[in-house]
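In my numbering, the protein residues as written are 4 to 480. We put the CB at the ideal spot given by N, CA and C, even for glycine.
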Ligand code: PFF
């Protein structure tokens with residue numbers, strides 16, 4: 004599509020993709036999953052999956068964006084025409100949009116907790132507090148729908164503002180300020196952790212590979228996490244890829260994104276576990292690791308309130324740079340398809356995701372049990388939405404791998420990748436066989452969680468529905 008926007012600099016895609024990849028997944032989810040799954044063995048599987056499955060799919064997804072130069076939904080429609088493949092592949096775009104919308108809805112609520120903790124830390128409210136007080140404080144936050152809604156609203160509105168300002172003035176400028184600041188903060192927190200914590204214990208916990216520590220469930224979680232952390236299968240990378248310059252090397256860029264993302268997760272893990280071990284606390288705290296255990300570690304350390312506050316600012320910044328990449332694919336679609344202005348498109352996406360987020364808010368308090376969701380699916384609305392995204396994400400990745408590896412005209416793909424034949428064949432082998440096999444394995448993780456046939460049936464209906472809708476829109480276009 005001629006006249007489509009391109010990032011101002013050759014390196015901006017890297018910045019944007021790293022911004023998308025580095026987020027709550029690295030700072031909140033990775034450490035607690037590692038903590039729950041025995042450390043090094045979990046990391047080994049995680050890193051292997053990133054390398055053998057994540058990078059090839061990252062390359063494929065960026066390539067789909069760049070060759071189509073449109074938003075994921077319109078871009079997939081375009082590619083099915085130019086490569087004369089089945090229109091069914093268009094569902095990649097729709098699935099991605101649905102996942103981005105669902106993830107944004109709960110991502111913003113959890114990022115809102117970080118806003119609360121930034122405030123508590125910087126005002127010194129937690130200095131010297133004991134474990135009971137801090138954990139009661141977290142429970143009180145979860146029990147308050149009003150407070151959670153307030154933080155959720157502030158967070159999502161700020162993200163919307165950045166995307167609404169456009170890809171150059173909003174996204175590019177925002178990232179150019181935020182990302183370097185985040186790296187500086189991360190290093191400061193690491194140094195603080197090394198001085199005040201127990202970095203030896205942290206390193207031996209993270210880097211001792213004892214495969215016997217890992218359950219099958221942990222193994223599958225490690226693979227699921229490597230998709231989430233690279234923002235794969237959701238159209239975010241495809242949307243950003245639509246703006247990448249034609250000269251940039253897709254392979255080198257993808258490797259750099261994966262490398263930085265993994266490095267951030269490791270450094271964050273090292274810093275967080277240094278503090279946790281230094282304070283003699285437990286590693287297997289689950290989701291509360293960052294919101295209960297870490298504030299407790301900071302409570303008794305020198306300058307803990309200040310450094311803790313700065314740490315939560317890091318969490319917030321990383322979450323914002325990821326949430327803008329969840330808004331962009333859907334907003335760009337609305338602009339392209341319905342000729343909306345960007346602010347209109349962003350408003351529609353964000354207001355809808357905000358409203359959906361209220362379901363996550365109430366899942367921790369007034370609707371914590373006894374709802375229709377519990378009766379039908381045996382879980383809260385939040386857990387159900389998370390489960391859906393856990394299914395959609397690998398499904399999207401699987402379809403991208405199959406589409407790029409099997410459906411596209413391979414001569415065109417080779418031209419677009421611009422690499423030598425050996426690397427092209429290696430990449431193609433990975434997306435044709437290794438990726439799909441690994442992703443099917445990730446699905447195993449979700450199957451035991453699914454009660455009866457309700458969820459699979461609804462999921463299938465949703466996919467068929469989305470596809471039917473896309474066909475109607477296509478006809479009327
Ligand atoms: N990669 C982000 C993280 O690790 O926090 C989460 C995410 C962002 C997932 C954007 C998907 C996405 F499209």
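Distance, residue j Cα to residue i Cα
{"i": "residue 62", "j": "residue 83", "result": "19 angstroms"}
{"i": "residue 183", "j": "residue 122", "result": "22 angstroms"}
{"i": "residue 4", "j": "residue 69", "result": "Annotation note: pLDDT 40 at residue 4 (below 50); position unreliable, coordinate value reported separately. The alpha-carbon atoms of residue 4 and residue 69 are separated by roughly 10 angstroms."}
{"i": "residue 166", "j": "residue 213", "result": "44 angstroms"}
{"i": "residue 6", "j": "residue 373", "result": "Residue placement at residue 6 is poorly supported in this model, since its pLDDT is 44, which falls under 50; the coordinates are not used for a value here."}
{"i": "residue 411", "j": "residue 224", "result": "31 angstroms"}
{"i": "residue 130", "j": "residue 310", "result": "12 angstroms"}
{"i": "residue 258", "j": "residue 375", "result": "44 angstroms"}
{"i": "residue 419", "j": "residue 306", "result": "52 angstroms"}
{"i": "residue 221", "j": "residue 342", "result": "46 angstroms"}
{"i": "residue 250", "j": "residue 9", "result": "11 angstroms"}
{"i": "residue 128", "j": "residue 59", "result": "46 angstroms"}
{"i": "residue 357", "j": "residue 317", "result": "23 angstroms"}
Minimum C-alpha distance to residue i - residue among the options
{"i": "residue 240", "options": "207, 50 and 64", "result": "64"}
{"i": "residue 432", "options": "421, 404 and 443", "result": "404"}
{"i": "residue 114", "options": "75, 31, 163 and 191", "result": "31"}
{"i": "residue 195", "options": "300, 250, 129 and 154", "result": "300"}
{"i": "residue 359", "options": "270, 110, 221 and 199", "result": "110"}
{"i": "residue 168", "options": "330, 378 and 124", "result": "330"}
{"i": "residue 230", "options": "86, 153, 320 and 57", "result": "57"}
{"i": "residue 53", "options": "108, 227 and 132", "result": "227"}
{"i": "residue 77", "options": "261, 55 and 93", "result": "93"}
{"i": "residue 406", "options": "286, 439 and 179", "result": "439"}
{"i": "residue 395", "options": "105, 281 and 55", "result": "105"}
{"i": "residue 421", "options": "314, 254 and 408", "result": "254"}
{"i": "residue 117", "options": "174, 26, 164 and 50", "result": "26"}
Opening and closing residue of the alpha helix (DSSP H) in which residue i lies
{"i": "residue 39", "result": "33-39"}
{"i": "residue 142", "result": "134-145"}
{"i": "residue 59", "result": "58-71"}
{"i": "residue 155", "result": "148-167"}
{"i": "residue 121", "result": "94-125"}
{"i": "residue 176", "result": "176-199"}
{"i": "residue 207", "result": "202-210"}
{"i": "residue 381", "result": "Note, residue 381: premise wrong, no alpha helix (DSSP H); not H, not E."}
DSSP state of residue i mapped onto helix, strand, coil
{"i": "residue 252", "result": "coil"}
{"i": "residue 425", "result": "helix"}
{"i": "residue 260", "result": "helix"}
{"i": "residue 376", "result": "helix"}
{"i": "residue 363", "result": "helix"}
{"i": "residue 172", "result": "helix"}
{"i": "residue 418", "result": "helix"}
{"i": "residue 386", "result": "helix"}
{"i": "residue 232", "result": "helix"}
{"i": "residue 350", "result": "helix"}
{"i": "residue 6", "result": "Any reading at residue 6 needs caution, since the residue's pLDDT is 44, under 50, leaving its predicted position unreliable; the model's value is listed next. Residue 6: coil per DSSP, three-state reduction."}
Proximity test, residue i beta-carbon vs ligand 2 heavy atom, cut-off 8 angstroms
{"i": "residue 186", "result": "The model depicted lacks ligand 2 and carries ligand 1 instead."}
8 angstroms contact criterion, which residue i and residue j should meet: CB distance rounded
{"i": "residue 176", "j": "residue 327", "result": "With a Cβ gap of about 12 angstroms, residue 176 and residue 327 do not count as contacting."}
{"i": "residue 346", "j": "residue 238", "result": "About 21 angstroms separates the two Cβ atoms, so there is no contact after all."}
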